[in-house]
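Chains as they are written, first to last, in this note's numbering: chain A, 546 to 788; chain B, 327 to 594. A short write-up of the structure that comes next.
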């Protein structure tokens with residue numbers, strides 16, 4: 546009896562280890578095969594970003610006392626790079642791409658702001674929503690292709706875990722108690738990238754021809770065809786025109 | 327025995343409550359408005375009238391329990407003399423007279439707030455309530471509020487009122503703030519409107535409590551007599567975040583107010 550139990554434990558442990566190694570190996574090989582390295586630029590002057598008055602929530606206003614925060618609907622870096630642009634593959638996925646990461650992506654509420662402002666996940670990937678503030682927030686992802694919901698999260702509460710099953714670019718997230726708070730959650734299939742303050746982004750892809758779509762909350766979408774070869778990153782650049 | 331103990335307890339509790347009310351143990355915060363004394367006077371009168379009735383009612387209750395609480399059989403009063411009908415008529419007449427007297431006396435305080443026209447030189451502020459925050463709009467140097475376009479409301483870009491500053495000339499200099507600042511000793515005219523459900527604008531120190539009704543613009547005017555920072559709260563249950571729907575009222579000297587206005591204009 547005892548020996549049987551030991552064998553079962555040993556076998557399952559070995560199997561788990563083997564499958565883990567196999568999964569790791571397959572995703573690494575897919576990622577190393579090809580890459581897109583691109584930039585997003587804004588042509589023209591960015592609209593004025595209004596400072597946010599958090600007077601209603603003294604604990605948050607105190608956090609930003611020395612450096613007031615502004616709206617984030619257009620964030621432009623020093624060299625004209627446009628941040629917070631989601632880049633994903635809208636056509637050409639073969640179905641052999643790495644499965645959605647099992648690592649959750651974190652969306653933080655800190656100083657009555659969402660960090661980061663734009664979150665990208667694969668369909669089914671978990672998002673961990675954390676409240677770091679001394680005040681209650683409610684999280685209202687206004688999804689249209691997924692079920693919308695609205696949950697509150699008091700200070701010190703457990704993180705909320707959320708997933709979205711359908712592609713949706715992008716779900717606006719708001720907090721009804723602090724109307725200035727705004728984030729976007731883009732749910733995509735396959736590899737994705739988000740531009741940083743300098744406008745650069747990266748995508749890991751296997752060689753092939755793809756249609757890339759770049760989405761920005763204020764300027765909408767743009768698409769571009771790109772061919773990825775093995776070993777050398779394909780360069781792509783998007784330019785959005787300021788209205 | 328039980329009846330007598332109850333009677334004594336009722337008297338003690340009644341006297342304790344009466345003391346707390348008369349000695350103002352828990353009372354309203356200090357009044358900072360011109361019309362406030364009228365309201366406070368009315369509240370005193372109402373509490374005085376209601377207090378006399380309260381004490382009389384409790385004493386009658388105590389007397390009956392003291393005299394008849396412990397008796398058996400014959401001395402129990404089983405019904406009001408003459409049956410239920412005279413009792414109901416008596417109650418209706420007494421309560422009716424009380425309400426009529428209160429409204430008649432109170433109409434003076436009501437009229438002082440609602441039936442006096444606002445000063446034509448009032449500082450005008452447009453107030454918008456929405457789940458779950460207040461926002462304020464000043465007309466800017468041109469003295470005119472631009473039109474509202476509810477379809478343009480976008481909290482992500484801080485366009486809380488739905489202003490079209492690209493096309494409406496009057497909107498260009500409108501100043502939108504999250505805090506209500508007003509000059510002291512100057513008449514203020516607020517126009518209240520809601521973008522979703524019913525809310526209310528309540529500043530206890532100002533003795534102003536006025537509901538927002540969706541679809542109606544409701545004017546309310548007052549003059550603050552003291553500088554300071556006071557809380558504006560929503561006192562109409564409006565949903566999930568009602569408990570946190572608040573803003574601050576800052577009453578300033580005219581000079582501070584002018585400076586504040588300049589700062590806010592620079593931030594638009």
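C-beta atoms are modelled at their ideal positions from N, C-alpha and C, and glycine is treated no differently.
In or out: residue 570 of chain A buried (at least 16 other Cβ within 10 Å) or exposed?
With a pLDDT of 43 at residue 570 of chain A, under the threshold of 50, the modelled position of that residue is not reliable, and the figure given next carries that caveat. It counts as exposed.
Within a Cβ cutoff of 7 Å, which residues of the same chain sit near residue 658 of chain A, ignoring the five residues on either side of it in sequence?
614 and 726
Quick check: the stretch 678-693 of chain A against the stretch 418-433 of chain B, are there 3 or more CB pairs under 8 Å?
no
Going by C-alpha distance, which of A:600, A:748 and A:697 is nearest residue 780 of chain A?
A:748
Is DSSP giving residue 570 of chain B helix, strand or coil here?
helix
Considering only DSSP beta bridges, list what residue 359 of chain B is partnered with.
B:550
Roughly how far, in whole angstroms, is the beta-carbon of residue 624 of chain A from the beta-carbon of residue 743 of chain A, given that I think they are within contact range, below 8 Å?
6 Å
Separation of residue 714 of chain A from residue 579 of chain A, as counted between CA atoms
25 Å
Under a CB-based cut-off of 8 Å, is residue 511 of chain B close to chain A?
no
The alpha helix (DSSP H) that contains residue 543 of chain B, what's its start and end?
Note, residue 543 of chain B: premise wrong, no alpha helix (DSSP H); not H, not E.
With the cut-off set at 8 Å, would you say residue 547 of chain B and residue 506 of chain B are in Cβ contact?
no
Chain B beta carbons: is any one of them nearer than 8 Å to that of residue 714 of chain A?
no
Hey, would you say residue 737 of chain A sits closer than 8 Å to residue 665 of chain A, going by beta carbons?
yes
Could you name the residues of the stretch 555-570 of chain B whose beta carbon sits closer than 7 Å to any beta carbon of chain A, in the order they occur along the chain?
566, 567 and 570
Measure the C-alpha to C-alpha separation of residue 373 of chain B and residue 424 of chain B and round it to an integer number of angstroms.
12 Å
Between which residues of its own chain and residue 728 of chain A is the CB-CB distance below 6 Å, once the five residues before and five after are set aside?
659, 662 and 718
Would you report the Cα separation of residue 605 of chain A and residue 599 of chain A, rounded to the nearest angstrom?
7 Å
What residues of chain A sit near residue 572 of chain B, judged by a beta carbon separation below 8 Å?
601
Is the CB of residue 604 of chain A under 8 Å away from at least one CB in chain B?
no
Can you find the residues in the same chain that come closer than 8 Å, C-beta to C-beta, to residue 347 of chain B, ignoring five residues on each side of it along the sequence?
373 and 377
Uninterrupted beta strand (DSSP E) stretches inside the stretch 435-475 of chain B (no shorter than 3 residues):
449-456 and 459-464
Please report whether the beta-carbon of residue 477 of chain B lies at a distance below 8 Å from any beta-carbon of chain A.
no
Buried versus exposed call for residue 709 of chain A [16 or more other C-beta atoms within 10 Å across all chains shown]:
buried
The stretch 550-563 of chain B / the stretch 522-531 of chain B touching (three or more Cβ pairs under 8 Å)
yes
Residues of the stretch 520-542 of chain B with a CB closer than 8 Å to any CB of chain A: list them in chain order, please.
none
Just checking: is the beta-carbon of residue 491 of chain B within a distance shorter than 8 Å of some beta-carbon in chain A?
no
Residues of chain B with CB closer than 9 Å to the CB of residue 612 of chain A, please, in chain order.
Those do not exist, as residue 612 of chain A stays about 14 Å from chain B at its closest Cβ, beyond 9 Å.
The beta strand (DSSP E) with residue 707 of chain A in it runs from where to where?
705-707
Please list the partners that residue 618 of chain A has in chain B, where partner means a Cβ-to-Cβ separation under 9 Å.
480, 482, 483 and 484
Using CA atoms only, rank isn't needed, just tell me which of A:595, A:620 and A:590 is closest to residue 593 of chain B.
A:595
Does residue 551 of chain B have its Cβ less than 8 Å from a Cβ in chain A?
no
Measure from the C-beta of residue 722 of chain A to each C-beta in chain B and report whether the shortest distance is under 8 Å.
yes
Among A:732, A:590 and A:671, which one has its Cα closest to the Cα of residue 631 of chain A?
A:732
DSSP bridge partner residues for residue 529 of chain B (one or two, in chain order)
B:534
Grab me the residues of residue 546 of chain A's own chain with a C-beta within less than 7 Å of its C-beta, minus the 5 sequence neighbours each way, in chain order.
Low local confidence applies: a pLDDT of 47 at residue 546 of chain A is under 50, so the model's placement there is unreliable, and no value is given.
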